[in-house]
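According to full-length UniProt numbering, numbering within the sequence shown proceeds without interruption in unit steps and concludes at 590. The beta-carbon is built from N, C-alpha and C at its ideal position, and this holds for glycine as well. Bear in mind that the values here come from a model prediction, so they are computed numbers and not experimental data.
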Amino acid sequence: MMSAHFSRLKRYFIAGVGVWLLILFGVSRMFLLSDVSDELIPRLARQTDGRKSSADEAARIDTVLEKIEKLQKQNDVLNMRLRNLRSSKEKDGNNGNADGSSDNSDATSEEYLAPSKQFEFARRKLDSGIIEFWRYASAHLKTLNEVRDPDKVENLVKEMVDFMTEQKRVILADIDNVERTSGVLEWKNDKAQQLSAVVQNRLKHLQNPANCSKARRLRCGINKACGFGCQLHHVTYCLMAGYALNRTVILDSKNWRYSRKGWESMFLPLSETCTLKDAAGYIPWKDTPENYEAPVVELPIIDNIQTASGNNKRPEWLPQAVPADLFSRIHAFHKNPPIWWLGQLLAYLWRYQKSTVTMMEELTNELHYKSPIVGVHVRRTDKIGTEASKHEVEEYMRKVAEYFDQLDVKMNKTQVRRVYLATDDPTVFREAREKFPDYEVIGNFKSMESAGLNKRYSDESLRGIITDINFLSHSDHLVCTFSSQVCRLAYELMQARVADATDNYDSLDDVYYYGGQNSHNLEAILPHEARTPEEISFKKGDLLGIAGNHWDGYSKGENLETNKRGIFPSYKAVEHFVTVEMPRYEDKEV
């Protein structure tokens with residue numbers, strides 16, 4: 001009995017300390033500013049002529065303060081740029097090159113701004129919260145180690161978990177507050193919108209050559225022998241190849257299993273200047289110099305690309321690679337550039353016909369779909385027991401509850417707990433409503449009924465699955481299983497809607513992956529010595545092939561240096577991103 005209690009304790013300890021370490025690591029990377037003077041903002045009196053300000057006057061003064069603060073930030077930027085210009089001119093005069101050009105490789109382009117008082121106060125609170133979290137955890141773990149009564153152990157563990165859970169929520173809310181008061185969120189949104197416009201414009205020009213007969217083309221057949229999510233990922237892979245190979249993608253959706261009307265029954269065409277006739281006379285794609293000059297090639301499915309390549313190699317541009325000229329710009333505002341890149345490719349494909357837009361607008365109003373809302377996808381009828389395990393409704397709703405508990409702390413008020421439930425089994429919807437009456441559970445009954453295996457390949461089913469993915473991708477948070485193509489599609493599309501939606505999900509099984517991707521590796525940022533036979537050791541800088549996340553502070557993988565497989569602390573490794581040189585497209589006017 002005692003061993004069982006202490007086994008549970010170990011799990012709680014790992015989870016609690018793991019959360020603390022992850023938070024500390026994230027915060028240490030996000031915020032580098034230390035204490036600064038808060039005297040940069042002029043002090044405006046709240047009283048004038050010996051009388052107290054009215055509420056309206058106080059509000060006007062607050063508005064003036066905010067405007068002054070913004071002006072001061074802009075002034076700081078201008079002063080920094082002026083200093084950089086002066087520095088550059090001095091370099092031009094003293095260190096000019098023979099051709100008259102200057103070498104500014106050592107000049108910094110960073111612009112360090114004085115933070116607002118609100119930011120500094122928020123940062124201090126966050127700093128204190130992390131320290132207090134560790135003080136509590138370390139002190140109570142020592143106490144726990146001295147307790148011998150099993151009942152007291154159980155009670156103390158419950159008390160600790162409840163306390164640490166609440167404190168974790170406060171710390172995460174403080175991190176959000178620091179981001180908000182620092183102006184980081186606004187900056188990230190601006191950068192994301194700007195780069196999204198660039199990428200979408202590149203795709204638009206690639207897909208619409210002035211003379212299609214003179215453009216190099218790539219034929220892509222949509223009818224891969226799989227479901228909708230898989231087929232959409234196949235078309236995404238085609239567009240990815242078109243971008244990497246500088247070829248216009250021509251989609252063949254004739255006799256589409258989901259709709260005889262083809263792709264354009266729901267979505268805009270991939271090209272306005274090329275038609276399927278322009279894909280005639282194609283030859284199979286190969287990764288050879290001779291094939292490069294072929295006017296039209298047909299891409300094999302991603303599963304067969306290595307054998308079809310002609311050199312028995314997988315192309316470097318396959319997921320999760322990112323164009324080299326975009327990577328740094330994406331990584332500036334997004335935690336996981338490969339997913340943002342995939343989201344942009346999907347966003348180009350996922351452009352609705354006017355009739356589809358109307359359908360979505362009507363359903364949005366009919367369902368009363370609005371934020372805050374969590375999108376939940378429960379898979380039931382296909383691949384359960386083969387590719388995926390069954391997860392009960394309670395498992396999904398626990399994650400939903402965690403999200404809303406955190407949101408209540410962040411917003412400092414109780415939120416309506418709204419859920420959009422997408423499922424291929426209507427009984428799941430009824431079960432969720434019956435078991436969780438405190439939640440506003442909404443969903444599209446037509447999509448549930450048409451998702452059955454006997455109705456799956458029909459126009460009605462197509463409208464249903466597109467509707468579900470639409471609403472899942474527009475949710476504030478996603479709870480699903482990444483073993484599902486539909487779940488991953490919604491997650492990818494979410495990246496094109498939010499500046500950085502990397503962490504806006506909970507997966508009940510797999511980590512994110514793209515079917516047919518090249519190896520997905522992590523890089524060790526801290527060394528690790530195995531403490532149990534189940535663990536693996538590694539040095540800082542070692543590459544670790546990721547096999548999965550246990551969602552308990554540990555991940556599973558293989559040390560590619562030693563070929564040893566096992567588990568390791570998740571916080572000791574980060575994503576190892578792959579960049580690939582692709583065509584440098586001219587960024588024409590958007």
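Inter-residue spacing [alpha-carbon to alpha-carbon] between residue i and residue j
{"i": "G464", "j": "V235", "result": "19 Å"}
{"i": "S484", "j": "K572", "result": "28 Å"}
{"i": "I130", "j": "N177", "result": "15 Å"}
{"i": "T275", "j": "Y292", "result": "21 Å"}
{"i": "I442", "j": "D468", "result": "11 Å"}
{"i": "S138", "j": "F568", "result": "22 Å"}
{"i": "Y12", "j": "V400", "result": "Because Y12 sits at a pLDDT of 49, beneath the cut-off of 50, its placement in the model cannot be relied upon, and the following sentence gives the value as read from the coordinates. Approximately 20 Å between the Cα atoms of the pair."}
{"i": "S461", "j": "V147", "result": "59 Å"}
{"i": "E366", "j": "N444", "result": "10 Å"}
{"i": "C238", "j": "C220", "result": "6 Å"}
{"i": "E402", "j": "Y369", "result": "21 Å"}
{"i": "V36", "j": "R123", "result": "Confidence at V36 is low in this model, with a pLDDT of 37, below 50, so its placement is unreliable and no value can be given for it."}
{"i": "Q207", "j": "K277", "result": "15 Å"}
{"i": "S570", "j": "I546", "result": "10 Å"}
{"i": "H576", "j": "E362", "result": "43 Å"}
{"i": "I175", "j": "C212", "result": "51 Å"}
{"i": "R531", "j": "Y554", "result": "13 Å"}
{"i": "I466", "j": "S473", "result": "11 Å"}
{"i": "R488", "j": "N521", "result": "19 Å"}
{"i": "Q231", "j": "L421", "result": "23 Å"}
{"i": "L185", "j": "W551", "result": "27 Å"}
{"i": "W317", "j": "H205", "result": "20 Å"}
{"i": "F121", "j": "V428", "result": "46 Å"}
{"i": "L544", "j": "E561", "result": "8 Å"}
{"i": "S458", "j": "S259", "result": "6 Å"}
{"i": "T358", "j": "K446", "result": "17 Å"}
{"i": "S389", "j": "K540", "result": "35 Å"}
{"i": "R329", "j": "D151", "result": "55 Å"}
{"i": "M397", "j": "K413", "result": "20 Å"}
Bridge partners - residue i, DSSP secondary structure assignment
{"i": "Y514", "result": "DSSP lists no partner for Y514."}
{"i": "Y420", "result": "G375 and I442"}
{"i": "K564", "result": "N559"}
{"i": "F267", "result": "Y352"}
{"i": "N201", "result": "According to DSSP, which records beta bridges pairwise, N201 is partnered with nothing at all."}
{"i": "D151", "result": "Answer by DSSP bridge pairing: none, since D151 is not bridged."}
{"i": "A573", "result": "A524"}
{"i": "H477", "result": "V374"}
{"i": "C220", "result": "L251"}
{"i": "T579", "result": "V322"}
Inter-residue CB distance, residue i and residue j (contact presumed, cutoff 8 Å)
{"i": "Y352", "j": "M360", "result": "7 Å"}
{"i": "E440", "j": "V416", "result": "6 Å"}
{"i": "L508", "j": "A490", "result": "Contact doesn't hold; Cβ gap of about 14 Å is too wide."}
{"i": "M494", "j": "A244", "result": "So it is not a contact: roughly 24 Å between Cβ atoms."}
{"i": "P300", "j": "P284", "result": "7 Å"}
{"i": "P115", "j": "S182", "result": "6 Å"}
{"i": "D476", "j": "P372", "result": "5 Å"}
{"i": "N559", "j": "F538", "result": "5 Å"}
{"i": "D303", "j": "G516", "result": "6 Å"}
Residue j beta carbon less than 8 Å from that of residue i
{"i": "S297", "j": "H377", "result": "The residue asked about is misnamed: residue 297 is Val in this sequence, not Ser. No; because the gap between Cβ atoms is not below 8 Å, this pair is not in contact."}
{"i": "E431", "j": "V374", "result": "no"}
{"i": "T579", "j": "F327", "result": "yes"}
{"i": "R565", "j": "I536", "result": "yes"}
{"i": "Y514", "j": "L346", "result": "no"}
{"i": "S253", "j": "W263", "result": "yes"}
{"i": "N549", "j": "V511", "result": "yes"}
{"i": "D425", "j": "R456", "result": "no"}
{"i": "D518", "j": "A241", "result": "Per the sequence shown, residue 518 should be read as Asn rather than Asp. Contact flag unset, no."}
{"i": "L141", "j": "V153", "result": "no"}
{"i": "Q344", "j": "Q200", "result": "yes"}
{"i": "I305", "j": "P319", "result": "no"}
{"i": "W350", "j": "F267", "result": "yes"}
{"i": "T481", "j": "M448", "result": "no"}
{"i": "R257", "j": "N223", "result": "yes"}
{"i": "R202", "j": "D587", "result": "yes"}
{"i": "T273", "j": "P209", "result": "yes"}
{"i": "F119", "j": "I171", "result": "no"}
{"i": "D408", "j": "R584", "result": "no"}
Residue i Cβ short of 7 Å to the ligand COA heavy atom set
{"i": "N504", "result": "Within the structure as shown, the ligand COA is missing, as the structure has no ligands at all."}
Do the stretch 500 to 510 and the stretch 526 to 533 make contact, defined as three or more Cβ pairs closer than 8 Å? The stretch 500 to 510 is not in contact with the stretch 526 to 533.
Three or more beta-carbon pairs under 8 Å between the stretch 306 to 314 and the stretch 328 to 337, yes or no? By the C-beta criterion, the stretch 306 to 314 is judged not to be in contact with the stretch 328 to 337, since fewer than 3 inter-stretch pairs fall below 8 Å.
Flag this pair as touching only if the stretch 238 to 253 and the stretch 212 to 221 have three or more C-beta atom pairs under 8 Å; answer yes or no. Three or more beta-carbon pairs separated by less than 8 Å link the stretch 238 to 253 to the stretch 212 to 221, which places the two stretches in contact.
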